[in-house]
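Counted from 1, the sequence shown has number 107 at position 111 by our numbering; the numbering is strictly sequential. Working notes for the structure below.
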Amino acid sequence: MHFEPQNTAHRDQDAKLKKFVFVLLNKFSLLSFASAIESLRIANRMHGRPIYTWSIVGEGGETIRCSAGTEFQLDSDLPSLSHHDIVMICGGIDVQYATTRPILNWIRREARKGVTMAGLCTAAYTLAKAGLLSQKKATIHWENQDSFTEEFHDIELTKSVFIVDGNRMTTAGGTSSIDLMLYLIADDYGEDLANATADQLIYSSIRTDQDTQRLSVPTRIGVRHPRLSQVIQMMEVNIEEPMSPSILAREVGMSTRQLERLFRRYVNRSPKRYYMELRLQKARNLLMQTDMSVINVALACGFTSPSHFSKCYRSHYDTTPYRERGSHATRNYSQSQVD
-3 MHFEPQNTAH RDQDAKLKKF VFVLLNKFSL LSFASAIESL RIANRMHGRP
47 IYTWSIVGEG GETIRCSAGT EFQLDSDLPS LSHHDIVMIC GGIDVQYATT
97 RPILNWIRRE ARKGVTMAGL CTAAYTLAKA GLLSQKKATI HWENQDSFTE
147 EFHDIELTKS VFIVDGNRMT TAGGTSSIDL MLYLIADDYG EDLANATADQ
197 LIYSSIRTDQ DTQRLSVPTR IGVRHPRLSQ VIQMMEVNIE EPMSPSILAR
247 EVGMSTRQLE RLFRRYVNRS PKRYYMELRL QKARNLLMQT DMSVINVALA
297 CGFTSPSHFS KCYRSHYDTT PYRERGSHAT RNYSQSQVD
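This is the structure in structure tokens:
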């Protein structure tokens, strides 16, 4: 089967390979990176001749470790690019620490050439920190959404699997890199090549930018009860100003006692306890992923008293918010010294 380029611009460039430059950040997600690069490799194979090429680069140009600890040999240090190149920045855990000054300076310099740039997994943070997502739509791994929203107020953050906004692209992590690459392949050479690539990947459910990244509430908690799901959704979107059990119950047409029984039966805890765990989980994410003060973290998670916040945090995580932040910073500093 022959796959024709989809428009005149692509036909004119058909003889020239489209080049992707993968920038690996420290502790990058191996799954996100592999999903993207394998999609390109398979597209080349299914097309019958190379149409895409790539290089793997990073700060220092020697080796770098993914979040699983495996070390990768880089092709080069951060290079000077052509404005036709497409940059794929691959993030992972502790992306704030991996987003170094040299990385940011390089991104800004290359962006001024008009280079298309994508942030895979958590690397939307890196693009945002470089100022490239201002007034744009973006997405990031769900675990990083709270901290991203707190830091970048001028970016329209979505819960989509991936987002393409002009020459800026972001993905939610994991296999969402496949969805973005299939989108780009289809744009270049049509749906047939994208579908053939997906078949080779055994990827049967191609998602679009309209699909959300997280499982539904019933799937996540393993319970299909519409009113319970509705209450949990209300809890998740009202963390900074928690709703009382009586208001939650009233919103779904139940009594407070009925709501208590519902939670006890299906999740083995009270609505108040479940809500508290959601708030503390967000607090932990903010402590580990932002520079927000502990007091501001407490306020963002619905605690008006720092002492009450600290007490609840210690009860749940067996450490204080201050120690949590300190130990996390120490671990990252120690790792940077090793690297």
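Even glycine gets a Cβ: it sits at the ideal position worked out from N, Cα and C.
So what does DSSP say about residue 14, is it helix, strand or coil?
Residue state, collapsed to three classes: strand.
Take the Cβ of residue 98 as the centre, count every other Cβ of all protein chains shown within 10 Å, and call the residue buried at 16 or more, exposed below.
By the 10 Å Cβ count, residue 98 comes out exposed.
Inspect the beta-carbon positions of residue 282 and residue 142 and report whether they are closer than 8 Å.
Yes; because the gap between Cβ atoms is below 8 Å, this pair is in contact.
Write down the C-beta distance between residue 255 and residue 244 rounded to the nearest angstrom, noting that I regard them as a contact closer than 8 Å.
Confirmed, about 6 Å.
Rounded to whole angstroms, what's the CA-CA distance from residue 121 to residue 92? Just pull it up for me.
Rounded to the nearest angstrom, the two C-alpha atoms are 8 Å apart.
Note down, one range per segment and in chain order, each alpha helix (DSSP H) of at least 4 residues found wholly within the stretch 45 to 133.
Complete alpha helix (DSSP H) runs here, min 4: 91 to 94, 97 to 107 and 120 to 125.
Are residue 114 and residue 176 close, meaning C-beta to C-beta below 8 Å?
Taking 8 Å as the Cβ cut-off, residue 114 and residue 176 qualify as a contacting pair.
Which residue marks the beginning of the beta strand (DSSP E) containing residue 165, and which one marks its end?
164 to 167 is the extent of the beta strand (DSSP E) around residue 165.
Kindly list the residues whose CB is nearer than 8 Å to the CB of residue 56, restricted to its own chain and excluding five residues on each side of it in sequence; keep chain order.
Hits under 8 Å: 70 and 73.
Measure the alpha-carbon distance for residue 86 versus residue 261 and round it to whole angstroms.
In a straight line, the C-alpha of residue 86 is about 42 Å away from that of residue 261.
Enumerated in chain order, which unbroken segments of the beta strand (DSSP E) with a length of 3 residues or greater are wholly contained in the stretch 151 to 201?
If we require 3 residues or more, the beta strand (DSSP E) runs fully inside the stretch 151 to 201 come out as 158 to 161 and 164 to 167.
Name, in chain order, the residues that DSSP records as bridge partners for residue 20.
86, per the DSSP bridge assignment.
Give the single residue among 267, 240, 202 and 205 whose Cα lies nearest to the Cα of residue 224.
Comparing Cα-Cα distances from residue 224 to each of 267, 240, 202 and 205, the minimum goes to 267.
Going by C-alpha to C-alpha distance, which of 65, 88 and 20 sits closest to residue 58?
Measuring from the Cα of residue 58, the nearest candidate turns out to be 20.
Along the chain, which unbroken stretches of the alpha helix (DSSP H) at least 4 residues long are found entirely within the stretch 252 to 283?
For the stretch 252 to 283, whole alpha helix (DSSP H) runs of length 4 or above, ordered along the chain, are 252 to 263.
Do three or more CB pairs link the stretch 155 to 166 to the stretch 299 to 306 at distances below 8 Å?
These segments do not touch.
Would you call the CB atoms of residue 42 and residue 193 closer than 8 Å?
In this structure, residue 193 lies closer than 8 Å to residue 42 by Cβ.
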